[in-house]
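The letter at position 136 of the sequence shown is residue 136 when you use UniProt numbering, and the numbering goes up by one with no holes.
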Amino acid sequence: MDATSRDCDARIRASFAKQGLMATLGATLEAVSPGHVEIALRPAAAVSQQHGFVHAGAVSAIADSAAGYAALSLMPDGAGVLTTEFKINLLAPATGERIVARGRVVKAGRTLTLAQAEVFAEAEGKERLIALLTATLMTIQGREGIGD
């Protein structure tokens, strides 16, 4: 891992550690590289809906965060990131041993970044695509309280 990748990893991990929702969901930051972030959670009753699947809100939250952190990883030091909009397609029930959101930047701009997150359910060593999120994220600079 080169110095840029190490800095990116440390920056994203420090920000992720401040997220109360991710802690509440039991989500973990699995991988970080410039333009790419993976966040996972283990299904549990605390994040389930009435049929026992992981709730769409929890799936959306890890997908949004994966896309957002992928975007932040390419933004200038000291910048913050805010989601301005996202759309999620829920393709299959979120069930399995682990749910993993893989965020990646599609196009990074000076102010707006387009990112996607694919969400997979892992079971018995296999992955199944269960959701696809597309998000627009805004670079925030010079605003007190918003930064890495």
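Think of the CB as a built atom: it goes at the ideal place given N, C-alpha and C, for glycine as much as any other residue.
| Query | Result |
| --- | --- |
| Where the beta strand (DSSP E) through Val32 begins and ends | 28-33 |
| Cα-Cα separation, Val100 to Gln50 | 21 Å |
| Those residues which DSSP pairs with Glu118 across a bridge | Arg102, Leu132 |
| Per-residue DSSP class, three states only, for Phe16 | helix |
| Residue range of the alpha helix (DSSP H) that includes Ala61 | 56-72 |
| Per-residue DSSP class, three states only, for Leu91 | coil |
| Span separating the alpha-carbon of Gln141 from that of Ala79 | 5 Å |
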